[in-house]
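Residue numbers (my numbering): 243 to 501.
The beta-carbon is built from N, C-alpha and C at its ideal position, and this holds for glycine as well.
What follows is a short report on a single structure.
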DNA sequence: ATGGTAGAGCATCTA
């Protein structure tokens with residue numbers, strides 16, 4: 243099973259690029275974040291024409307997550323179980339080919355000390371509690387998406403430029419560590435050792451992409467039984483080039499078929 | 001020059 247995660251920064255603006263990419267990359271599953279549209283405006287017909295079923299948890303203007311899959315997506319869950327009707331659309335879970343997939347768009351946090359930063363940390367704490375309450379580490383569980391956290395200093399282009407900034411604070415990194423301590427492994431990092439420069443996001447501004455000023459904030463965490471099936475993982479930087487790209491590139495992981 | 005660009009939706013807000 244070939245699975246990709248991609249923050250597309252509006253599925254409407256990115257539709258030509260995403261359809262072209264699907265045709266070429268042929269993933270079995272594509273987890274999308276920041277679709278920035280309601281369910282009724284999601285281009286499910288265009289993806290169905292390419293052989294993909296759409297499972298959508300949308301929202302007007304901001305946020306929104308979706309899962310495209312060749313196979314049926316079962317037991318779909320939208321948001322945390324205790325979310326109210328006003329909750330932001332940031333979590334979408336479903337079971338595909340025997341793998342429980344949890345697709346998240348973790349809050350950005352804006353700036354350290356703001357309400358949005360506190361909301362981010364609280365949201366990540368709730369995510370860990372959600373795993374405690376609903377899943378077991380013996381199951382094939384995959385947590386992927388835009389974490390808006392760079393796990394280590396080697397995951398940003400210049401740690402010196404991030405002093406006092408979000409995405410790198412000990413509290414944010416600890417929240418990711420808590421998700422790993424629950425019983426998951428950073429599948430992408432596993433294939434690259436201590437290498438740096440493995441970015442998945444580059445700011446649109448100041449030519450950051452072409453100057454290699456990026457961050458690795460799009461992660462794929464898997465339980466041990468699922469991580470054991472991982473064959474390879476890559477960032478498709480080509481999808482960040484060209485006309486009207488997202489500011490994120492797709493992160494692809496390939497898993498062996500179940501024995 | 002506390003800068004720069006992109007998207008939603010139409011004034012800013014978010015990233």
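Inclusion of residue 311 and residue 281 in the CB contact set at 8 angstroms is not warranted, their separation being larger than that value. Counting only runs that start and end inside the segment 393 to 479, the beta strand (DSSP E) elements of at least 3 residues fall at 426 to 428, 460 to 465 and 472 to 477.
Residue state for residue 347 is assigned as strand, using DSSP reduced to three classes. When rounded, the separation of the alpha-carbon atoms in residue 444 and residue 418 is 21 angstroms.
Separation of the CB atoms of residue 345 and residue 309 is rounded to 6 angstroms, and the pair is thereby assigned contact status at 8 angstroms. If you ignore the 5 residues before and after residue 373, its C-beta comes within less than 6 angstroms of the C-beta of 424, all in its own chain and listed in chain order. Straight across, the Cα-Cα distance linking residue 253 with residue 492 is about 14 angstroms. Annotation: residue 436 to residue 415 spans about 17 angstroms, alpha carbon to alpha carbon. Assignment of residue 309 by DSSP, reduced to helix, strand and coil, places it in the strand class. Sequence-distant partners of residue 321 (beyond 5 residues in either direction) whose C-beta falls short of 6 angstroms from its own C-beta, in its chain, are 329 and 333. Collapsing the DSSP output to three states places residue 249 in a strand. Rounded to the nearest angstrom, the Cβ distance from residue 464 to residue 426 is 6 angstroms, consistent with a contact under 8 angstroms. Here the segment 346 to 354 lies against the segment 398 to 411, with 3 or more beta-carbon pairs under 8 angstroms apart. For residue 286, the enclosing alpha helix (DSSP H) stretches over residues 286 to 290.
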